[in-house]
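Reading through the C-alpha cells given below for one structure.
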Amino acid sequence: LKIVVEDSKCVQANTFIGSEIFQEYHLNDDTVAFRVDLNTLIECLTVFDGCSTNPSSTTALKLTYKEYGSPVKLLLEEGGIITDCSLRTMEVFDILDFSIPAESTVSKIILRSSDFKDILNDIDGTSDYVEFTFSEEPQYFKILTSGIAGKCSVEIPSKSEIMEQFVCNATITVKYKYKQIKPFLKCMNISQKTLIRTNEDGLLCCQFMVQVDSHTCYLEYFCTPIVDED
Numbered sequence: 009l010k011i012v013v014e015d016s017k018c019v020q021a022n023t024f025i026g027s028e029i030f031q032e033y034h035l036n037d038d039t040v041a042f043r044v045d046l047n048t049l050i051e052c053l054t055v056f057d058g059c060s061t062n063p064s065s066t067t068a069l070k071l072t073y074k075e076y077g078s079p080v081k082l083l084l085e086e087g088g089i090i091t092d093c094s095l096r097t098m099e100v101f102d103i104l105d106f107s108i109p110a111e112s113t114v115s116k117i118i119l120r121s122s123d124f125k126d127i128l129n130d131i132d133g134t135s136d137y138v139e140f141t142f143s144e145e146p147q148y149f150k151i152l153t154s155g156i157a158g159k160c161s162v163e164i165p166s167k168s169e170i171m172e173q174f175v176c177n178a179t180i181t182v183k184y185k186y187k188q189i190k191p192f193l194k195c196m197n198i199s200q201k202t203l204i205r206t207n208e209d210g211l212l213c214c215q216f217m218v219q220v221d222s223h224t225c226y227l228e229y230f231c232t233p234i235v236d237e238d
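When the letters of the sequence shown are read in order and numbered with this note's numbering, they come out as residues 9 to 238.
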C-alpha cells in the first residue's frame, strides 16, 4: 500500500506499507489507485482518539474499495465499539516523479531519529528557512537558521555518535522553507533512523524507517529547495 500526499508541487510525502503488515490483504487487480480528501481520512482514522479508558488498547481497521468510482469504506473497531466510515473517491491527479537515483546522489547521511529530532526541536521556529550544508572536507552536516533571535547553527561531524553513515561527493549548501521541513518532527517521533539524500539541484529526500512489530515500513519525504532570484 502506497499513500502519496503533495503540497503545491513542492513537497511530496510517500508512505510504503508492505502487505505483510496486514492480517489480511486481498487485491484483485495489479494496481488500484484513487484519491480521497486527506483531512476527512485523518478524522476517520482518529475517531477513537482520547475515547478509550484503556491506554494499551488498539484500534482495528478494515479498509475496502470495490471498484472505480465507488467510495472507500473504513470499518474501525475498538473495545467492542464499531464505527463505519465511507469516503468519496476522486480521480487521481498526475503525481510528480520525485526521485534521486543513486548515480545522481551528491550527499547521503543516516542519523538516529531521536537525536536528530532533538536538534530540530532546538532550532529557531521563527526562521523562514533552514539551510543544510553537506561538507566533503572536512566532513560534517550543518543546519543553519535565521530568525528573531538571530542566527543559529548546529554542526554534526561525520564521526559523531548519532551519525551512522556519511557520504558526500561534493560540498553543497541548500535552503528550504522551514514550514516544509517542520513535518519531519512527526516522522521522527515514530521512526528509528533517518536517511537524508540530495542531488546537485538541491532536491531533498528524507526516508524514515519505522518498525512495526517485526516488520519495517518507510516514510519518504521530498522537498524542493528555495531558488535564489539572482
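The C-beta atom is built at its ideal place from N, Cα and C for all residues, glycine as well.
- Boundaries for residue 48: no beta strand (DSSP E) harbours it, while the alpha helix (DSSP H) harbouring it runs 46 to 53, taken from the DSSP string.
- In this structure, residue 184 lies near residue 212, with their beta-carbon atoms less than 8 Å apart.
- About 10 Å separates the beta carbons of residue 147 and residue 168, which is beyond the 8 Å limit, so they are not a contact pair.
- The C-alpha of residue 42 is placed about 8 Å away from the C-alpha of residue 76.
- For residue 229, the enclosing beta strand (DSSP E) begins and ends at 223 to 231.
- Taking a C-beta distance under 8 Å as the contact criterion, residue 217 and residue 125 do not qualify as a contact pair.
- Inter-residue distance for residue 45 and residue 31 is about 26 Å (C-alpha atoms, whole angstroms).
- Excluding residues up to 5 positions away in sequence, 67, 84, 86 lie with their Cβ nearer than 7 Å to the Cβ of residue 56 in the same chain.
- In the DSSP assignment, residue 124 falls within the alpha helix (DSSP H) that extends over 121 to 130.
- Taking 8 Å as the upper bound for CB-CB distance, residue 131 and residue 160 are in contact here, some 6 Å apart.
- The continuous stretches of alpha helix (DSSP H) do not include residue 74, and DSSP gives it neither H nor E.
- For residue 33, the secondary structure class from DSSP, reduced to helix, strand or coil, is coil.
- Per DSSP, reduced to three states, the secondary structure at residue 197 is helical.
- Taking a contact as a CB-CB distance under 8 Å, the pair residue 114 and residue 206 counts as one, their CB atoms being some 5 Å apart.
- Within the same chain, Cβ atoms closer than 7 Å to the Cβ of residue 219 are found at 200, the five residues on either side in sequence being excluded.
- Straight across, the Cα-Cα distance linking residue 208 with residue 179 is about 10 Å.
- Its chain contains 22, 23, 24, 25 as the residues whose beta carbon lies nearer than 8 Å to that of residue 10, once the 5 sequence neighbours on both sides are disregarded; these appear in chain order.
- When C-alpha distances from residue 37 are compared across 140, 74, 20, the shortest belongs to 74.
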